[in-house]
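All remarks here apply to the structure that follows.
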Amino acid sequence: MEKEKPGKEKFTVRLKRNVTSLLKKRKRYSTQNARNRESAITDTQPSKENSEGDELMLSVVLDGTDKQHHDTISPEEKDSEKDKVGETAAGDEKLLKDLPSEGYQKLVEHLQPLSATGRDYRSLADKMGYSNQYIQWLGSTDNPVMNLLRKFRENDRKISEMTSLLKEMERNDVLEDLQPYVDATPTKCQREKRQQRREEIEGLQTIHDSYDAFLCFANTAKKDSEFVEELLKKMESPPYNLRLCFSERDFLGGGCYLQTAAVAIEKRCRKFVAVLSSNFDDSEGAIYESHIAMSLSPGAQERRFIPILIEDAYRFKIPLTIQHLTYLDYIREEESNFWYRLACSLGWRRN
């Protein structure tokens, strides 16, 4: 027999020690489990069956192969491993609703034209389990493929479910053209991580998480800026003590201004205050912000958009998108009453 090298002998000794330690821990684990069963075993020594299994495990490791390792795992451990595999597989699944729009377009191009062999959207709908009546209805619509896919993806259907049906239809041409878009589709785990990252980024865009109102005005105009400074002093001081989102003060550095403004208006601020003057029309930022606010409150149902007129000459030049809203008139109204009405419009109530 060939003599082992000293290096290999040291490795074997260390390996024996590690395995022996592992076996001792396993014996203690088996003994503890036995005590917890209804038919408790008083003898704390491992059973002959366990000993034989441990010896088998030791011999396998020392022989340099893990071929028999699976046989030494308890049924409970096997079930646990199966559960973990299932969880990983579920996390790696790609949902049909996340398929890029270009992928849907490819499906339309391939499946919408009627085929003499019937291997078009009609066959796909049939394999999906839809009735002949529904399939006939699809044929009467302008885009039967998209209508079919919208219905099929409602219950978080997986892309793999659809591709398996395309395989049954022997539409390998569709599968081949669709594959790049399937590869580009994020998995459930990737989608959740992106959403989490997006929320983290949004969370770092303003000083505070919530505000009573967002201030929109032409910040390059001196008159408008001076009015906003006065507004901040009045609304953020007693008795009102409101918190207003003032971009120059509350936006954190490093982000895109337009994106930060959109997040603040949509998710951080309950109300939106627009300071109207002739300078408003010349401010791209103010117009952009007002369009976002108007889209969030169509028809002024939520009373979210609050215009303030600070220039009399602009009274008949207010943009059409804002004209239907009731504005607060800083020019003609008594000052004390004006600030009170503004505070109430922002949600303040006297205790």
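Okay, so the sequence shown: first residue is 1 according to UniProt numbering, each after it adds one. Ideal placement from N, C-alpha and C gives every residue a C-beta, glycine not left out.
Roughly how many whole angstroms lie between the Cα atoms of D126 and M169? 11 Å
Between which two residues does the alpha helix (DSSP H) harbouring D177 extend? 172-184
In three-state terms, what does DSSP make of D126? helix
Out of curiosity, what's the CA-to-CA distance linking E161 and M146? 17 Å
Compute the distance between the beta-carbons of Q179 and G255, then report whether it is under 8 Å. no
C-beta contact flag for G347 and K271 at 8 Å: yes
What are the boundary residues of the beta strand (DSSP E) that R270 is part of? 269-276
For the putative contact between G181 and G118, defined by C-beta atoms under 8 Å, what is the C-beta separation to the nearest angstrom? For clarity, residue 181 is Tyr in the given sequence; the question names Gly instead. Not a contact, Cβ separation roughly 25 Å.
Pick helix, strand or coil for P307, following the three-state DSSP scheme. strand
Tell me the DSSP secondary structure of residue 364 in three-state form. Here the chain has residues from 1 to 351 only, and residue 364 is not among them.
Quick one: give me the first and last residue of the beta strand (DSSP E) that C344 is part of. C344 -> not in any beta strand (DSSP E); alpha helix (DSSP H) instead, spanning 335-345.
So, for D212: in the same chain, excluding its five sequence neighbours on each side, which residues have a beta-carbon less than 7 Å away from its beta-carbon? L242, R243, L244, R270, K271, L346, G347
Measure the Cβ-Cβ separation of A293 and R304 and say whether it is below 8 Å. yes
Would you mind working out which of L231, L99, K167 sits nearest M128, comparing C-alpha positions? K167
Whose C-alpha, out of A264, A343, R341, is nearest the C-alpha of S210? A264
Contact defined as beta carbons within less than 8 Å: I believe F338 pairs with Y330. What is the distance between those atoms, to the nearest angstrom? 6 Å
Would you please state the rounded distance, in angstroms, between the beta carbons of D282 and A218? I believe it to be under 8 Å. 7 Å
Proximity of A274 and S290 at Cβ, strictly below 8 Å: yes
Nearest-angstrom Cα separation, counted from K94 out to R157: 9 Å
What number of angstroms, rounded off, separates the C-alpha of F280 from the C-alpha of D142? 44 Å
Span of the alpha helix (DSSP H) holding A116? Segment: none, A116 is in no alpha helix (DSSP H) and carries neither H nor E.
Check whether P307 and I287 have beta carbons under 8 Å apart: no
In angstroms with no decimal places, state the Cα-to-Cα distance between N351 and P186. 51 Å
Helix or strand or just coil, what does DSSP make of D212? strand
Look at the alpha carbon of F251 and the alpha carbon of M235, and state the distance between them as a whole number of angstroms. 19 Å
Using the rule of at least 16 other Cβ atoms within 10 Å of the residue's Cβ for burial, across every protein chain shown, is E49 buried or exposed? With a pLDDT of 45 at E49, under the threshold of 50, the predicted position of this residue should be treated as unreliable, though the coordinate-derived value follows. It is exposed - the Cβ of E49 has fewer than 16 other Cβ atoms within 10 Å.
Among V228, S247, D92, which one has its Cα closest to the Cα of H208? S247
Measure the CB-CB distance between L149 and L96 and report whether it falls below 8 Å. yes
Which first and last residues belong to the alpha helix (DSSP H) in which W348 is found? Taken as a continuous stretch (DSSP letters only), W348 belongs to no alpha helix (DSSP H), as it is neither H nor E.
Can the beta-carbon of L99 be found closer than 8 Å to that of L111? no
DSSP state of C245, grouped into three classes? strand
Taking all protein chains shown into account, do 16 or more other C-beta atoms lie within 10 angstroms of the C-beta of A261, making it buried, or fewer, making it exposed? buried
To the nearest angstrom, how far is it from the Cα of K106 to the Cα of V174? 8 Å
Go to F280, then tell me how far its alpha helix (DSSP H) extends in each direction, as first and last residue. Looking at the DSSP string, F280 is not in any alpha helix (DSSP H), and its letter there is neither H nor E.
Buried or exposed for A116, please, with buried defined as at least 16 other CB atoms from any protein chain shown within 10 angstroms of its CB. exposed
The alpha helix (DSSP H) enclosing K223, as first and last residue numbers: 222-235
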